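Asks:
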Amino acid sequence: MAYETIITETHGKVGLITLNRPQALNALNSQILTELIAAVNAFGADAGIGAMVITGSEKAFAAGADIKEMQSISYADAYAQDFFVGWEELTRARKPIIAAVAGYALGGGCELAMMCDFIIAADTAKFGQPEITLGVIPGMGGSQRLTRFVGKSKAMDMCLTGRMMDAAEAERSGLVSRVVPASDLVEEALKAAAKIAAFSLPSVMMAKEAVNRAFETTLAEGLRFERRLFHSLFALDDQKEGMAAFAEKRKPNFTNR
Ligand code: CO8
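Sequential numbering of the sequence shown, starting at 7, is according to the working numbering.
(1) Do V185 and A127 have their CB atoms nearer than 8 Å?
(2) Any heavy atom of ligand 1 closer than 7 Å to the Cβ of T139?
(3) Determine the closest residue to S36 out of G92, G18 and A68, with distance taken between C-alpha atoms.
(4) If you draw a straight line from the C-alpha of P208 to the C-alpha of Q77, how long is it?
(5) Determine the direct distance from the alpha carbon of I103 to that of A195, and round the result to whole angstroms.
(6) Starting from the C-beta of I73, find all residues in its chain whose C-beta is less than 8 Å away, skip the five residues before and the five after it, and write them out in chain order.
(7) Between R151 and the rest of its own chain, which residues show a CB-CB distance below 6 Å, the 5 nearest in sequence each way excluded?
(8) Tell me E264's beta-bridge partners as DSSP assigns them.
(9) Assign F221 to buried or exposed, taking buried as 16 or more other Cβ atoms, counted over all protein chains shown, within 10 Å of its Cβ.
(10) For A51 and A8, what's the separation of their Cα atoms in angstroms?
(11) Unbroken alpha helix (DSSP H) runs of length 4 or more, entirely within the region 112-158: which are they?
Okay, here's the thing in structure tokens:
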């Protein structure tokens with residue numbers, strides 16, 4: 007598929023997706039949604055890919071949903087189309103996705119970053135849920151995911167005042183996993199993704215599934231789920247190989263079997 011609003015590349019076993027609507031600070035319109043999901047699904051189906059990175063430009067990861075596209079939508083259409091529900095498909099990706107964020111990640115941009123598995127931020131990153139300034143509220147998980155990331159007080163502060171959080175505050179608050187110099191952002195994210203992609207894919211996918219389960223279930227259920235996944239990994243050659251390689255002081259040769 008030829009894309010117009012994103013650029014895709016492969017770096018070894020890593021799929022890199024760059025949002026590319028510079029004229030609108032990567033505002034998320036319906037075309038970028040369709041293309042991003044197609045790219046993520048294509049990398050998901052590619053046996054040669056073990057992890058993905060989604061990034062934007064130096065100035066903006068994404069400055070939100072496309073305000074100009076949505077400004078005239080009616081309530082009837084928003085409800086009938088279940089407006090924005092399509093973005094949820096990203097969270098069904100089974101291979102890990104890292105968001106590499108520089109510049110603005112606002113509204114839907116912040117929500118898109120939070121739909122990824124973790125966020126690596128450039129020291130220039132700015133996160134915010136400014137929907138309140140437009141007379142609306144977050145529509146793609148901002149009030150829910152941000153609250154789980156940073157807690158009630160800070161999520162309320164962000165959603166009610168619309169203020170931005172810089173990279174240092176985002177790291178302090180648990181929104182991002184690490185902050186790197188802007189010039190190294192994509193390289194650091196690719197390095198992290200390559201590290202993940204070198205492991206046994208089934209164990210990587212199960213680790214992702216297990217951590218995600220922590221957001222949706224009780225501790226007792228989550229612990230049982232984790233234990234069952236853990237048990238199932240002993241059915242794979244890669245568990246034998248990984249443990250044999252440790253005992254024999256050599257690098258494992260994982261086959262994803
Ligand atoms: N939508 C459409 N166009 C945008 C957006 C946007 N969100 N953000 C920026 N642009 C456009 C501007 O209109 C401008 O276009 P033009 O040159 O044609 O006038 C161009 O991008 C450059 O922007 P600025 O000139 O404004 O650049 P500045 O450096 O002066 O300011 C800011 C940068 C502060 C980021 C500013 O552009 C801004 O405030 N943007 C809007 C931020 C915002 O309110 N985002 C929230 C949108 S609502 C939302 O996301 C709802 C989420 C629901 C779920 C969505 C799931 C995807």
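The beta-carbon is built from N, C-alpha and C at its ideal position, and this holds for glycine as well.
Since we're looking at a predicted model, the values are computed, not measured.
Replies: Considering the structure as presented:
(1) For V185 and A127, yes; Cβs fall inside 8 Å.
(2) Indeed, a heavy atom of ligand 1 lies less than 7 Å from the Cβ.
(3) The residue with the shortest Cα to Cα distance from S36 is G92.
(4) Distance between the alpha carbons of P208 and Q77 is about 43 Å.
(5) So the two alpha carbons sit approximately 10 Å from each other.
(6) Residues A33 and L140 of the same chain have their beta carbon placed closer than 8 Å to that of I73, with the five preceding and five following residues left out of the count.
(7) Cβ neighbours of R151 beyond the five flanking positions: M120.
(8) In this structure the chain extends from 7 to 263, so residue 264 is not present and cannot be described.
(9) So F221 ends up on the exposed side.
(10) Cα to Cα, A51 sits roughly 17 Å from A8.
(11) Taking 4 residues as the shortest admissible run, the region 112-158 contains the following complete alpha helix (DSSP H) segments, listed from N- to C-terminal end: 114-121 and 148-156.
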